[in-house]
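Each residue of the sequence shown is one higher than the last, beginning at 238 in this note's numbering. Notes follow the structure.
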Amino acid sequence: MKKVFCIILSMLMLLSLFGCTGNTDSEDIRGEVSGTTEGNQEEKPEFSLGDTTGSTYTNDFLGISCTLPEGWVFYPDEQMKELNNLVGDYLDEEALEQLKKATVVYDMFAQHTTNGSSINVTMEKLNVVQIVSLNIQKTLEAQIDTIKSTYANIGYTDVQVEYQKLTVDGKEFDSLKIHAKVQGLDFTGVLFAFPKGDYL
């Protein structure tokens, strides 16, 4: 469970990069999102990284795709390599082999060019015991107090975290919604998780 906590903490640190806007009733900025996270549990899918082409991110392994609206940009390959602690001139195959051994893989990061909002996809490799005993709702709920104190320690105020079911593309996911203030501005973050193969 330490690894699950680490991934949540890693995602929280990335959430701290999310944009801060004074309007919490903003329009839907997800763009077009589609995905299928269900499948034959007997068949173990082959790990692969996602691909960004133009304004669309697709990860066949995770079964998700996201087309971002105007004003958003994906992190380029070099920045993604830095997030994944890859140094040097790795070829795609070498980088993939390195990432298959990693506990946490940052697969996509996109940011709005003017308001600082962001979206990211992070995968954590789970061991057999974690996969068998995984209860995402309980795992997320167990982290609420830690999340609150983490955000408070980095300067956020009025931090509120609540577990909720989130519907994306007609499918329901376990999620945490985070509300806080930072430098007088409203901050909203949403984290949702689902298992795929050996990853969360």
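Just so you know, even glycine gets a beta-carbon here, dropped at the ideal spot from N, CA and C. Since this is a predicted model, take the numbers as computed values, not measurements.
Is F424 buried or exposed, if buried means 16 or more other CB atoms sit within 10 Å of its CB?
Flag for F424 reads buried.
Just to confirm my understanding: we take T261, look at its own chain, exclude 5 residues before and 5 after, and list those with CB closer than 6 Å. What are they?
Its pLDDT being 37, under 50, T261 is placed unreliably by the model, and the measurement read from it follows with that caveat. In the same chain as T261, and ignoring 5 residues on each side of it, the C-beta atoms closer than 6 Å to its own belong to D423, T425, in chain order.
Residue from F284, C303, I384 whose Cα sits closest to the Cα of T293
Residue C303 is the option with its Cα nearest to T293.
Assigned secondary structure, D307 (DSSP; H/G/I helix, E/B strand, else coil)
Correcting the residue type first, residue 307 is Glu in the shown sequence and not Asp. Correct three-state label for E307: coil.
Distance between K338 and N372 (C-alpha atoms, nearest Å):
Roughly 24 Å between the two C-alpha positions.
Reference V366; option with closest CA among D435, D395, D406, V398:
Nearest neighbour of V366 by Cα position, chosen from D435, D395, D406, V398, turns out to be D435.
Where S370 and A430 are concerned, what is the direct C-alpha to C-alpha distance, given to the nearest angstrom?
Approximately 15 Å, taken between the alpha carbons.
Relative to the C-alpha of F346, which candidate in L286, K362, Q397, E399 has its C-alpha closest?
Out of L286, K362, Q397, E399, L286 has the C-alpha closest to the C-alpha of F346.
How is Y393 classed by DSSP in three states: helix, strand or coil?
Here Y393 sits in coil by DSSP.
With 16 as the cutoff for other CB atoms within 10 Å, does D344 come out buried or exposed?
Burial call: buried.
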